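Colleague: I'd like to ask some things about the structure below.
Numbering (the numbering used here), first residue to last: 6 to 389.
Here's what the structure looks like:
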C-alpha cells in the first residue's frame, strides 16, 4: 500500500519540481557558507535548469493536438500497417526530451514496444512521425489514446498527458486463390434453379396450364383464339450456396486459417454468380443473410474480420434449410469426428450437396474410416 503511494507520488510532475527546488536550495546554502567561485558557479548553473523546469510546469501540454493517420482503414491480415502521427502546438517552446507513445491495442500481438518514439529536440510548431506494425492480425483494432511525455535533459522533471485520439482499423482475413470447389468427382456441377419469374420481361405466349395465375392471362390472344392463353416470362436462374463455419476451437492458428479459407471461398462463390449465406454450426440464425454481389462480399469480409471463436459445444447442430432447393453447403471445420461425418454424409442429397473442408496440420492424418464412397453428393477435403 505504502509502496503504491510512493510510486504515484514520484510519477507526479510536482515531485520532480520539489527535487530540483531542494537541490537549488542546498546549492545556495552551500554557496553562502562556503563562498568562492566554485560554490557560486554551481548555484548559478542550476538556475537555467530550474527556470526551464518552471516553464515546463506551466506549459499547456493538453493544448497539443495529435492526429493519427493510417495507411489504410481496410487492411488484410499479414500486411504491414503504417501509422503516421502529426503533432501540432500553438506555443513552440523548445522541448529537449519529447516522447510520444501511441497506445497500440492489445488485439495486436507484441505491441508493448510499438508506437513509442523519442525526439531529442523539438522547436517547431508541427512534427510528423511514423511507425509500422508488421504482420497485422485479423480483427477490429481500436486505437484510443496517445501519451505525450516531456522532461528536462538531466532527468530531474517529467510531465505527461494522455490525449484521446480514437481510430478504428478493420483488418480483413487474408485472401488466397483457391480452385472453384463446386465440381464433383464426375465433373458435374450443381443445377440452376428457377427462383422467380421476371414479370418485366415477356418472352412469348403459350397455352394455359394448370397452376398459372389469373394475372398472367393474355386476354387479347384469348379473345382472338377463343382459348385461354398465358403470357410466358423469362425466369431468373440462380445458384445458392451456404458456408457453415465451425467456431468451436481452442487453437487460434487453426481458427485463423479457417476464417481465411472462408473468406477465400466466399470470394470464389460470389464471383461465380452464387447467392451466399454465412452460418455457424449450432445456430439457426445467419451470420450474414443470403444475398449476392460485391456488397455481399463486403458484408461477409466485415463479419469474418470481427469473428471470434466460440467454446460452446455445437457439434450436433447440422441443420439444412429445405426451403431453399438447390443450395450447396460448404462446411469449414476445425475439428471433424466420425459422428459428425456420418451426420453430414446422411444429410447430403441431390437438392443439398455438401462439401466439407477440414483444417488439419500437415503432420496429422485423418481417420481412414471416413469413407465418402457411395455418396455422390458428399465430398470431403483436407486443408493442410
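Glycine is no exception: its CB is placed at the ideal position from the N, C-alpha and C atoms.
Only a predicted model underlies this, so the values are computations on that prediction, with no experimental measurement involved.
Using a 10 Å radius around the Cβ and a threshold of 16 neighbouring Cβ atoms, would you call residue 344 buried or exposed?
Modeller: Exposed, by the Cβ-count rule.
Colleague: Hey, out of 341, 334, 348 and 338, whose CA is closest to residue 356's CA?
Modeller: The option with the nearest alpha carbon to residue 356 is 334.
Colleague: Return the bridge partner residues of residue 291 from the DSSP annotation.
Modeller: 284.
Colleague: Around the Cβ of residue 50, are there at least 16 other Cβ atoms within 10 angstroms (buried) or fewer (exposed)?
Modeller: It is exposed - the Cβ of residue 50 has fewer than 16 other Cβ atoms within 10 Å.
Colleague: Just mark residue 354 as buried or exposed, buried being the case when its beta carbon has 16 or more other beta carbons within 10 Å.
Modeller: Classification of residue 354: exposed, given that the 10 Å Cβ count is below 16.
Colleague: Could you check what DSSP says for residue 189 in three-state terms: helix, strand or coil?
Modeller: In this prediction, residue 189 scores a pLDDT of 41, lower than 50, which makes its location untrustworthy; the coordinate-derived value is nonetheless stated afterwards. Coil, per DSSP.
Colleague: List, from N- to C-terminal side, the beta strand (DSSP E) runs of 3 residues or more that fit wholly inside the stretch 87-123.
Modeller: Counting only runs of 3 or more, we get 102-107.
Colleague: Measuring only the C-alpha atoms, how far is residue 155 from residue 96?
Modeller: About 14 Å.
Colleague: Thinking C-alpha only, which one of 42, 44, 127 and 87 is nearest residue 69?
Modeller: Residue 127 is the option with its Cα nearest to residue 69.
Colleague: Quick one, which of 123, 101, 77 and 71 has its alpha-carbon nearest residue 93's?
Modeller: Among 123, 101, 77 and 71, the Cα nearest to that of residue 93 is on 71.
Colleague: For residue 264, collect the residues of the same chain with a Cβ closer than 7 Å to its Cβ; drop the 5 residues on either side in sequence, then sort them by chain order.
Modeller: So the list reads 143, 178, 309 and 312, once near-sequence residues are dropped.
Colleague: Would you kindly work out how many angstroms separate the C-alpha atoms of residue 141 and residue 152, rounded to a whole number?
Modeller: Those two C-alpha atoms are separated by around 22 Å.
Colleague: With distance defined between alpha-carbon atoms, name the residue in 47, 100 and 30 nearest to residue 3.
Modeller: Shown here, the chain extends from 6 to 389; a query on residue 3 therefore has no answer.
Colleague: Buried or exposed: which applies to residue 230, given that a residue is buried once 16 or more other Cβ atoms fall within 10 Å of its Cβ?
Modeller: Its Cβ having fewer than 16 others within 10 Å, residue 230 is exposed.
Colleague: Grouping DSSP H, G and I as helix and E and B as strand, with all else coil, what is residue 260?
Modeller: It is helical.
Colleague: If we ignore side chains and look at the alpha-carbon of each, how far apart do residue 435 and residue 167 end up?
Modeller: No answer is possible for residue 435: it lies beyond the span of the chain, which begins at 6 and ends at 389.
Colleague: What do you get for residue 218, buried or exposed, if any count of 16 or more other CB atoms within 10 angstroms of its CB means buried?
Modeller: Its Cβ having fewer than 16 others within 10 Å, residue 218 is exposed.
Colleague: Could you pull the start and end residues of the alpha helix (DSSP H) that residue 253 belongs to?
Modeller: Counting along the chain, residue 253 falls outside any alpha helix (DSSP H), and DSSP gives it neither H nor E.
Colleague: Classify residue 188: buried if its beta carbon has 16 or more other beta carbons within 10 angstroms, exposed otherwise.
Modeller: Note that residue 188 scores 49 on pLDDT, short of 50, meaning its location in the model is unreliable; the coordinates nonetheless yield the value given after this. Exposed.
Colleague: Under 8 Å Cβ to Cβ from residue 48, same chain only, skipping five residues before and after it: list those, please.
Modeller: 29, 32, 33, 35 and 36, listed in sequence order.
Colleague: I want to know whether the stretch 244-254 touches the stretch 283-291 - three or more CB-CB distances under 8 Å.
Modeller: A contact exists between the stretch 244-254 and the stretch 283-291.
Colleague: Taking the alpha helix (DSSP H) that residue 344 falls in, what are its first and last residues?
Modeller: Per DSSP, residue 344 belongs to the alpha helix (DSSP H) from 343-352.
Colleague: Can you tell me whether residue 228 is buried or exposed? The criterion is at least 16 other CB atoms within 10 Å of its CB, across all chains shown.
Modeller: With fewer than 16 other Cβ atoms within 10 Å, it is exposed.
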